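Here the structure is laid out as structure tokens; the discussion comes afterwards.
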Amino acid sequence: TGLVARQRTIRKQSGISMSLLMIRHGETAFNRDRVMQPADTPLSDRGEEQAIRLAQRLSTEGITRILASDLPRAAMTARVLSDETGVDIEFESLLQERNFGCLRGQRFIDLEARGIDPFAENYEPEEGETWQEFDQRVTHAWSTIQSTLPASGTLAVVTHGLVCAALLRNHLDAQEHASDIGRLFPFRNASVTRIESSPPWRVELLNCAEHLEALGDQTSIYGQV
55 TGLVARQRTI RKQSGISMSL LMIRHGETAF NRDRVMQPAD TPLSDRGEEQ
105 AIRLAQRLST EGITRILASD LPRAAMTARV LSDETGVDIE FESLLQERNF
155 GCLRGQRFID LEARGIDPFA ENYEPEEGET WQEFDQRVTH AWSTIQSTLP
205 ASGTLAVVTH GLVCAALLRN HLDAQEHASD IGRLFPFRNA SVTRIESSPP
255 WRVELLNCAE HLEALGDQTS IYGQV
């Protein structure tokens with residue numbers, strides 16, 4: 055019911071047979087505890103429950119391909135979706151979260167105390183990626199996404215918060231949502247964004263976590279990555 059039902063009705067009336075879903079992984083313990091995530095971070099118990107609810111919601115979306123980051127938190131989210139839909143996962147390292155190098159494993163509160171803002175435009179993390187390097191990688195990932203779109207059905211892309219934000223900022227048309235700042239940033243754990251599968255890549259549904267309402271409050275902004 056509600057928003058999900060309304061969106062499904064719109065798609066049916068418009069005759070859309072192809073679609074693209076952009077999904078952020080479920081919650082991790084480091085999301086919850088406000089820690090910069092190491093690459094091997096798995097989902098928390100809550101994150102696994104979020105993934106289940108996400109998969110149940112998307113079970114009627116006609117998913118025919120799943121493309122996912124190979125980092126554990128995204129891979130685990132994708133596997134739940136794969137189990138629900140019977141669609142195999144294609145892993146793509148280009149969809150990994152931004153590499154923050156030596157900052158991984160450190161608490162946000164400690165970084166703030168040292169005057170470090172890892173998201174600052176000109177900050178270059180030691181052994182990590184600059185924003186420019188990250189955006190270039192996401193551009194390559196976007197090319198892969200476009201080449202993976204099925205002839206019919208829906209492509210689900212399971213990735214990370216900053217990747218979703220970079221795709222939205224640089225490659226998607228979200229003008230209809232420009233006044234809804236709360237949905238523009240940050241991307242919620244296990245949220246779904248629906249995009250038309252052809253240029254100008256119009257965002258139909260942005261950063262929606264309606265399926266998680268029964269689980270209570272969402273992870274704070276410090277759980278972005």
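In this note's numbering, the protein residues as written are 55 to 279. Every residue gets a Cβ at the ideal spot worked out from N, C-alpha and C, and that includes glycine. Just so we're clear, the structure is a prediction, and the values are computed from it rather than from any experiment.
- Scanning E102, R107, G116 for the CA closest to the CA of A205 turns up G116.
- Residue range 185-202 is occupied by the alpha helix (DSSP H) that includes V192.
- Three or more pairs of CB atoms, one per stretch, sit closer than 8 Å, so the segment 74-82 contacts the segment 93-109.
- The alpha-carbon of F173 is positioned some 12 Å away from that of A219.
- If you look at R248, you'll find it isn't in any alpha helix (DSSP H); it sits in the beta strand (DSSP E) that goes 246-249.
- Apart from the 5 residues on each side of it in sequence, L157 sits with its Cβ closer than 6 Å to the Cβ of M90, P172, P179 in its chain, given in chain order.
- Within the same chain, Cβ atoms closer than 6 Å to the Cβ of A195 are found at L148, L149, the five residues on either side in sequence being excluded.
- CA-CA distance, A244 to G169, rounds to 30 Å.
- I163 counts as exposed, since fewer than 16 other C-beta atoms from the protein chains shown sit within 10 angstroms of its C-beta.
- In the DSSP assignment, V217 falls within the unbroken alpha helix (DSSP H) covering 215-225.
- The alpha-carbon separation between F145 and F241 amounts to approximately 21 Å.
- Going by DSSP, N261 is part of no alpha helix (DSSP H) but of the beta strand (DSSP E) stretching over 257-262.
- Residue range 117-122 is occupied by the beta strand (DSSP E) that includes L121.
- Collapsing the DSSP output to three states places S73 in a strand.
- Minimum Cα-Cα distance from V212 among the listed residues M72, I77, S73 corresponds to I77.
- A distance below 6 Å between beta-carbons, with the five flanking residues on each side excluded, links H225 to the following residues of its chain, in chain order: W196.
- Inclusion of R127 and H214 in the CB contact set at 9 Å is warranted, their separation being smaller than that value.
- Shortest Cα-Cα distance from W185 to any of E166, G155, I199, L209 involves G155.
- Taking all protein chains shown into account, Q104 has 16 or more neighbouring C-beta atoms within 10 Å of its C-beta and is therefore buried.
- Going by C-alpha positions, R161 is about 16 Å away from N153.
- Excluding its 5 nearest sequence neighbours in each direction, Q190 has no C-beta neighbour in its own chain below 7 Å.
- Taken atom to atom, the span from the alpha-carbon of E138 to that of L112 is near 9 Å.
- DSSP, reduced to helix, strand and coil, places E166 within a helical segment of the structure shown.
- In the three-state reduction of the DSSP assignment, G101 falls in the helix class, which pools H, G and I.
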